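Numbering (this note's numbering), first residue to last: 286 to 702.
Heads up, the beta-carbon is just placed ideally off N, CA and C, and yes, glycines get one too.
Quick caveat: nothing in here was measured; it's all calculated off a predicted structure.
Data block below; observations after.
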């Protein structure tokens, strides 16, 4: 995975996450069938650019091997036998001091009990006692074990000590039973890792509202007037803000995208519903990112019954929808960022919208581009600021675009405060 230099910016390797690049994460793996998910988690973390050190318990080695994790992370994986090796002098202290985050996934009921009571009978539990960094525990066990009062009390004790508990989730167990006890998916654990490591970032204490997706205006009980927006860019904006420690409210029109861990998601369908949600959310917000593709028009009348083809081609009179940016003028956040998707005269139309809506920054993209825009992971945008400057960014992922835009928001908030 190599970077491709493009002008001022270099695209990062696929899957790399700036927040996690170079961060030392200690992954503890205990004896559960979910250990195979831990291998996937280790792989995903390594791909983000994190430096992942793994510790396997004796029972974990019955399911997976240290070689598996070494192969996936490119770093040594440790087992209990390493405590007694020639190079194992105070091994647990070194691992604990180097770690910026301790993640135990899967965490069995036995391991959770040991963490609560300070048992130090393995390299993992000894290292856990020596660690002063934040910790995440992802339980994995049969439903009955998870629901047992002893396990619930142990998890509550860990929460009181500041440990983040991720999952478990409902699903089919190795026993064949259905219930809550399955380890959370690696994607969700990575989301929690980002939330924990980013919470003290430069936007900590700031509240940011992000809109995403394309609104849908009903024509009849079956049909809607909609657009091609997937919501990818807006969801990436929400994640970038979370990575910097912001409290994020994500107001989303219909979208298949998974919301980032930690965002408060509000689902809407129409422009009117989005307008109402935004007006309520921005009352206490520091910034608004209007990445949603809000319909400009809606049918003046909505048919109560499905419009039949046999009735001929219907006439559909339209009316304008709510102008959300105009409506927030009376309770405007410190920073407001808009988006302009144009098919011609990109800068002209974007600048006009910037001025008429009183925006601090507008992100303009040419929707005629074949390699960027709607329903893709890539985007090519131009940033136009209220100060009069404009900056054309090269083709990059929507996550990279989001990183740059949120960095600009951070700068604007700093200047205004």
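By the neighbour-count criterion, in which a residue is buried when 16 or more other Cβ atoms sit within 10 angstroms of its Cβ, residue 485 is exposed. A direct Cα-to-Cα measurement between residue 420 and residue 550 gives close to 25 Å.
Taken atom to atom, the span from the alpha-carbon of residue 629 to that of residue 648 is near 15 Å.
The beta carbons of residue 501 and residue 511 sit closer together than 8 Å. For residue 412, the closest of 394, 541, 342 and 427 by C-alpha to C-alpha distance is 342. Counting the other Cβ atoms within 10 Å of the Cβ of residue 702 gives fewer than 16, which makes it exposed. In the DSSP assignment, residue 639 falls within the unbroken alpha helix (DSSP H) covering 631–642. Three or more beta-carbon pairs separated by less than 8 Å are not found between the stretch 449–466 and the stretch 398–411, which leaves the two stretches without contact.
A residue is called buried once 16 or more other Cβ atoms fall within 10 Å of its Cβ, and residue 410 is buried on that count. Taking the C-beta atoms as reference points, residue 622 is found nearer than 8 Å to residue 573. Residue 335 and residue 546 have their C-alpha atoms spaced approximately 18 Å apart.
Taking C-beta separations shorter than 6 Å and ignoring five residues to either side along the sequence, the partners of residue 562 in its chain run 536, 551 and 553, following chain order. Residue 582 carries a strand assignment under DSSP once its states are collapsed to helix, strand and coil. In the structure shown, residue 445 falls within a helical segment according to DSSP collapsed to helix, strand and coil.
Within the model, the alpha-carbon separation for residue 586 versus residue 625 is close to 28 Å. In the structure shown, the three-state DSSP call for residue 560 is helix.
In this structure, residue 358 and residue 390 do not form a Cβ contact; the two beta carbons are roughly 14 Å apart against a cut-off of 8 Å. Taking residue 464 as the centre and dropping the five residues before and after it, the same chain places the C-beta of 428 closer than 6 Å to its C-beta, in chain order.
Residue 435 and residue 495 do not touch by the CB rule: their CB atoms are close to 41 Å apart, not below 8 Å. Residue 318 and residue 325 have their alpha carbons spaced roughly 13 Å apart.
Judged by beta-carbon spacing, residue 506 lies within the 8 Å limit of residue 590, meaning their Cβ atoms are closer than that value. Around the beta carbon of residue 637, fewer than 16 other beta carbons sit within 10 angstroms, so the residue counts as exposed. The beta carbon of residue 639 sits closer than 6 Å to those of 647 and 669, all from its chain and outside the five residues before and after it, given in chain order.
When DSSP reads this structure, residue 572 sits in a beta bridge with 493 and 620. Residue nearest to residue 672 within the set 678, 645, 694 and 695 is 645 (criterion: CA-CA distance). Note: residue 392 is bridge-paired with 424 in the DSSP secondary-structure output. For residue 691, same chain residues with a beta-carbon under 7 Å away, outside a window of 5 residues either side, are 522, 525, 526 and 529 in chain order.
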